[in-house]
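**Q**
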Amino acid sequence: RLCELLDNAGRGWRKLAELAGAEKRFKCSAEELEMCSLKVLEPRGSPTQCLLQLLAERDCTLRYLLGCLERMGHEQACRVLSSAVQDVIRITVQPESQVVAEGTQVSLTCCATGPPGLVYQWFCGRQEVPGATSPELVIDTATPVGQPEWYICRVNCGATFTFSRWAHVQVEKRSSPSSGSGYCLTTAGLQILQQPRPCRLAEGDTLALECRAIGNPPPQYQWFRNRRPVEGAQAPQLQVKLVTTAERGSYSCRVFNLFHEVWSQEVDVEIGEGPRQASITPHLLCSQTGVSHSVTTPPSPILAATDKVALLIGNMHYLHHKQLQAPIVDVHALGALLHQLDFKVVSLLDLRKAEMQMAVDEFLLLLDKGVYAGLLYYAGHGYENFGNSFMVPIDAPSTYTSEHCLCVQRVLREMQQRRTSLNIFLLDMCRKRNLNDDVIPQVGALEVTANIVFGYATCADAEAYELSQGEFSNGIFVTFLKRWLLEDEKITVLLDKVAEDMGTLEITRGRQALELRSNLSERRALTDPIRPPGQDESSARNLQWAKAHVLPESRHLCFDCGVTVQLAFAAEFSNIMIIYTRVVAVPKDITKCEARLTDIPEELDVDLKCTNKESPEELGSPLAPVWSLSCPSCCLYSRICGLQKLRQELAFTVCLQYRYQGMDDFVEERQRVNVGRPLIAKLNLQ
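All residue numbers for the sequence shown refer to this note's numbering, where the first residue is 328 and numbers rise by one.
1. Taking the C-alpha atoms as reference points, what is the distance between L329 and Q454?
2. At 4 residues or longer, and completely inside the segment 898–967: list those alpha helix (DSSP H) runs for me, N to C.
3. What residue ranges within the segment 642–708 form continuous alpha helix (DSSP H) runs of no fewer than 4 residues, ordered along the chain?
4. Hey, E429 and V498 are a contact pair by Cβ (cut 8 Å); roughly how many whole angstroms apart?
5. Check each candidate in D991, D932, D677 and name the one with the smallest Cα separation from C920.
6. How many Å lie between I779 and L847 at the Cα?
7. For G595, count the other beta carbons within 10 Å of its own beta carbon; 16 or more makes it buried, fewer makes it exposed. Which is it?
8. May I ask which residues mark the beginning and end of the alpha helix (DSSP H) holding Y987?
9. Rounded to whole angstroms, what is the Cα-Cα separation between V994 and F586?
10. Determine the burial state of I466: buried for a count of at least 16 other Cβ atoms within 10 Å of its Cβ, exposed for fewer.
11. So what's V367 in DSSP terms, helix, strand or just coil?
12. Do S373 and K366 come within 7 Å of each other at the CB atom, strictly closer than that value?
13. Classify E331: buried if its beta carbon has 16 or more other beta carbons within 10 angstroms, exposed otherwise.
14. Can you give me the Cβ contacts of A852 inside the same chain, cut-off strictly under 7 Å, excluding the 5 residues immediately before and after it?
15. Which ranges would you report for the alpha helix (DSSP H) in the segment 393–465 if only whole runs of at least 4 residues count?
16. Where does Q380 fall in DSSP's three states?
17. For Q971, name the three-state secondary structure that DSSP assigns.
18. Put F583 into one of helix, strand or coil per three-state DSSP.
19. For the alpha helix (DSSP H) that contains A344, what are its first and last residues?
20. I'd like to know if the segment 681–697 and the segment 706–716 are in contact, where contact means that at least 3 CB-CB pairs between them fall below 8 Å.
21. Do you know how far the Cα of A791 is from the Cα of G837?
22. Looking at C-alpha atoms only, which residue of T419, L794, T980 is the closest neighbour of P654?
23. Would you say the segment 886–895 touches the segment 906–925, given that touching needs at least three Cβ pairs under 8 Å?
24. Is F551 buried or exposed, if buried means 16 or more other CB atoms sit within 10 Å of its CB?
25. Give a yes or no on contact between the segment 673–687 and the segment 893–902, applying the rule of three or more CB pairs nearer than 8 Å.
26. If you follow the beta strand (DSSP E) that D828 is part of, which residue opens it and which one closes it?
27. Taking C-alpha atoms, which residue in L435, C538, G441 lies nearest to R492?
28. Grouping DSSP H, G and I as helix and E and B as strand, with all else coil, what is Q1016?
29. From L333 to L360, what distance separates their C-alpha atoms?
30. Per the contact definition of three or more C-beta pairs closer than 8 Å, is the segment 557–577 in contact with the segment 522–542?
31. Cα separation between L393 and L382?
32. Using the C-alpha atoms, what's the distance from K972 back to N1001?
33. Going by C-alpha distance, which of L762, N483, E774, D932 is nearest R740?
34. Answer yes or no: do H644 and H708 have a C-beta to C-beta separation smaller than 7 Å?
35. Going by the CB atoms, is the gap between L963 and A875 shorter than 7 Å?
36. Can you tell me which of the three DSSP states L808 falls into?
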């Protein structure tokens, strides 16, 4: 409704953008305003919707938005916005029960939506907690061990209020597990208290499954059906009303927090009288005598892969060429979607030529007869000469030739030798002629296999573009590809739909258009099921993939002063790791302490501006808003890039600085930590 009211030239979205820009962080650039205005050229496009999205990404509040509309004098828009949120207060994040170590701090969170001016008040039992008037409540666990305390939060606006659900905080001794539950905080980190149960339903019934867990940080949930994530099912309860046979299957729940992950048991949900036998519908053919004969149509063969793997490479930070912005976002988005399709994904950023060649060699080890090579996706600088495409590594000289680059057709030939069932190349790069290179590479003859698909982000002798959206940039190709990637369509049909969508973008019309080349003879799709061969045949391939995705285990460091520091790890890409340092136990006579990483190997070229930051956003990664949702408070974050450069095990120093009560000077202790070869470093790409 707001879009209908503000998509006009008078008191419309441009005036709203001008007034909102009075606060510097909400000010839109000329490029962003142009992007909004171009939305009118898209089917169902709205400049107002685009502007509101930009404001939302910058944490514009409802109160501020209402103030801008009031200053515009747009009474109708104010009424629409006010009536949509009038007196309804909804709890969006409930506080979770937690088990914590004795002597540590724990936080409970309650978030709500509703009219402007929401007020929070926390209670312990029936007593108000003094000063606890924010969405987050930080508790010092001085509670007697074994005695849980119950907390609840009231959210009100004037006389209208609602309460969160109760959460209890159980304090455990650090040295021994809870006698009641058998749960040991320091070793387990998460415990499932209630497992889902199998059920049999009739069509039209309501499916209700529940999985409950406790842990610190609070657990998060993701439900799976037949080992595929259920969209939007991220709560302890999974409820589906008016079920049909489409909902039958095996269900499980992934429970996780920043440091740990556990899975519930897998349960079967049966609906109706069970699966029916597949039937073939006869077609009636009329003969010359007028008698109808029943002819049975043979069923189409069901195509399947023995495995599905993908290599995603994004090159951004070139040493001698223009820097790119989109590959980090595009590779991450594509990897997340391919994971949903059961692909084994290796995703790498910023590779030199030798590293790119080694990455391709390791990728080829994942391929075998019947495997869907699925995807070799490349985003970065590139060119095309004499029908051959070349991927440009980040260390290519200013006047590079084919000698400094990787030839895509040569990679294809090597893939064919592995007898894969499907070879897909998605090349998100320019295809302009390289005038510095007049050598025709001798790739060798390709086999006629009828299983090759090339999706070029742009036509021959044309450029590929990035689309800037505030702090984020997407390649035009992936912007449209991710809309269709999960569709159950033959891969060539899917790419045709992407091409049609790209053609609707006015800003690149006549400049960039997807080009599809294929000799695929079968209806193979990225959604085809996996039917693995025998265990012995696939174990080596699985081991090769698993090696590139093993993170160091979370660990606790105990210092002489009595402080305990937790180290935890997360993967942003196969060659980029996030390290968290968190103080989890502090003696009473220490008033302030902090644990920082130092002495990181020089070969990694770690930017010191991306280490020991108090918030994920300070790391400089555009993906921080994605992975930081599950991050606890009171951590320091460090982003370690280029793990493929490691020539030996990753070792660094944890430097603890602390101050005793009544003293001004800080005391320092250090511990050396060796975490082995994390992620892609295990493959020795050097």
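Glycine included, C-beta positions come from ideal geometry on N, C-alpha and C. In this text the structure is predicted, and so the values were computed from the model without any measurement.
**A** Straight from the coordinates:
1. 43 Å
2. 951–954
3. 654–667, 680–692
4. 5 Å
5. D991
6. 6 Å
7. This sequence places Asp at residue 595; Gly is not what is there. Exposed is the call here.
8. It is not in any alpha helix (DSSP H) - Y987 instead sits in the beta strand (DSSP E) that spans 978–987.
9. 29 Å
10. buried
11. helix
12. yes
13. exposed
14. D815, E816, K817, I818
15. 402–411
16. helix
17. helix
18. strand
19. 340–347
20. no
21. 12 Å
22. L794
23. yes
24. buried
25. yes
26. Per DSSP, D828 belongs to no beta strand (DSSP E); it is in the alpha helix (DSSP H), 818–829.
27. L435
28. Limits of the chain in this structure are 328 at one end and 1013 at the other, which puts residue 1016 out of reach.
29. 14 Å
30. yes
31. 13 Å
32. 16 Å
33. E774
34. no
35. no
36. helix
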